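Have a look at the structure below, then the notes.
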Amino acid sequence: MSEFIKKLVIALVFIWFFSLSSLAQSTCFLAKEGNNILKQEGDCYERHSPCSTFKIPLSLMGYNEGILVNETNPEWPYDKKSGAQLKIWQQPHNPTSWMKNGCIWYSRVITQRLGMEKLKDYISKFSYGNQNLSGEKGKNNGLTHAWLSSSLQISPMEQIEFLEKLVKSTLPVSKQAQVHTRNILYIEELARGWKLYGKTGSGYASGDTDYQLGWFVGWIQKVDRKILFVYYLEDEKPETIPAGQRAKGQATEKLSKCIETL
Numbered sequence: 107m108s109e110f111i112k113k114l115v116i117a118l119v120f121i122w123f124f125s126l127s128s129l130a131q132s133t134c135f136l137a138k139e140g141n142n143i144l145k146q147e148g149d150c151y152e153r154h155s156p157c158s159t160f161k162i163p164l165s166l167m168g169y170n171e172g173i174l175v176n177e178t179n180p181e182w183p184y185d186k187k188s189g190a191q192l193k194i195w196q197q198p199h200n201p202t203s204w205m206k207n208g209c210i211w212y213s214r215v216i217t218q219r220l221g222m223e224k225l226k227d228y229i230s231k232f233s234y235g236n237q238n239l240s241g242e243k244g245k246n247n248g249l250t251h252a253w254l255s256s257s258l259q260i261s262p263m264e265q266i267e268f269l270e271k272l273v274k275s276t277l278p279v280s281k282q283a284q285v286h287t288r289n290i291l292y293i294e295e296l297a298r299g300w301k302l303y304g305k306t307g308s309g310y311a312s313g314d315t316d317y318q319l320g321w322f323v324g325w326i327q328k329v330d331r332k333i334l335f336v337y338y339l340e341d342e343k344p345e346t347i348p349a350g351q352r353a354k355g356q357a358t359e360k361l362s363k364c365i366e367t368l
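In our numbering, the protein residues as written are 107 to 368.
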């Protein structure tokens, strides 16, 4: 089978599978391998708060600046003054547990050590979304809040373009910073030897504390094959389970079923 026919079959399989069920609450699903967009559904150009997916660029900055050292260092102690809302955050964290648990106070230690000027410089070099780090209106808290249902916004299409540079190690930071970041994004092994890498994000749409937004962004990898994906949803009614967690579950289920045909 020629390489062209093989890629065409893969694309048709993705189109067939993802057309079997509607995305209900989701407003965008993207899947891409190489230069081929395997699936694009919904509005993938509207920008939204990145929420915890911002830990991906933040990790790159931290490693590039030497604030972060490797996958397990530094481990910083929990400070009660940080006001961590979740019990799982109320303990020491290292880069791997920070990424896994979505620990906000660890993110804020990094941004505060970076400072606003460096943060702005990196966001500009990354061409990350709207690059607005002002934070909540009138509060001057961009260094600690800009990415949390606030001023910084990014579209699903921009997310996948950013991820593409990360997996290719073409972002304007050291190669090692990109290797460490990819490593701490590893989640689990799926069927047929495929590995799942990604980050969830949960927040609120347009500052509305009743309706959540959720992200799951990343890629699946088998040897040298990588399929990037972005899954974004907005709730139409109040939900109790974090939207990012639901986005991860829905996206992983779809990806797991699809790789059975690859």
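Every residue, glycine too, gets a C-beta built ideally from N, C-alpha and C.
Predicted model, so just to flag it, every value in this text is computed and none were measured.
- Boundaries for E147: no alpha helix (DSSP H) harbours it, while the beta strand (DSSP E) harbouring it runs N142 to G148, taken from the DSSP string.
- When the beta-carbon positions are compared, Q259 and V336 stay at least 8 angstroms from each other.
- K343 sits in coil when the DSSP states are folded into three classes, being neither helix nor strand.
- Segment contact: the segment 181-197 against the segment 305-325, fewer than three CB-CB distances shorter than 8 angstroms; contact not assigned.
- Of the other Cβ atoms in all chains shown, fewer than 16 fall within 10 Å of the Cβ of Q197; this residue is therefore exposed.
- Between N200 and N246, the alpha-carbon positions lie close to 28 angstroms from each other.
- Rounded to the nearest whole angstrom, the CA to CA distance from G189 to I347 is 21 angstroms.
- Within the segment 139-209, the complete beta strand (DSSP E) runs of at least 3 residues fall at 142-148.
- According to the DSSP assignment, V285 belongs to the alpha helix (DSSP H) that extends over K281 to I290.
- Straight-line spacing of the CA atoms in G235 and G299 works out to 33 angstroms.
- In this structure T133 is not in contact with E366, their Cβ atoms being roughly 26 angstroms apart against a cut-off of 8 angstroms.
- Rounded to the nearest angstrom, the Cβ distance from S275 to S155 is 27 angstroms, too far for a contact under 8 angstroms.
- Rounded to whole angstroms, the gap between the alpha carbons of Q351 and L249 is 25 angstroms.
- Assignment of L334 by DSSP, reduced to helix, strand and coil, places it in the strand class.
- In the three-state reduction of the DSSP assignment, V273 falls in the helix class.
- Cβ-Cβ separation between P278 and K231: approximately 5 angstroms, consistent with a contact (criterion under 8 angstroms).
- Between W253 and F160, the C-beta spacing is below 8 angstroms.
- The C-beta separation of Y169 from H286 comes to about 5 angstroms, placing the pair in contact by the 8 angstroms criterion.
- By the CB criterion at 8 angstroms, A357 and Q318 fall outside the cutoff.
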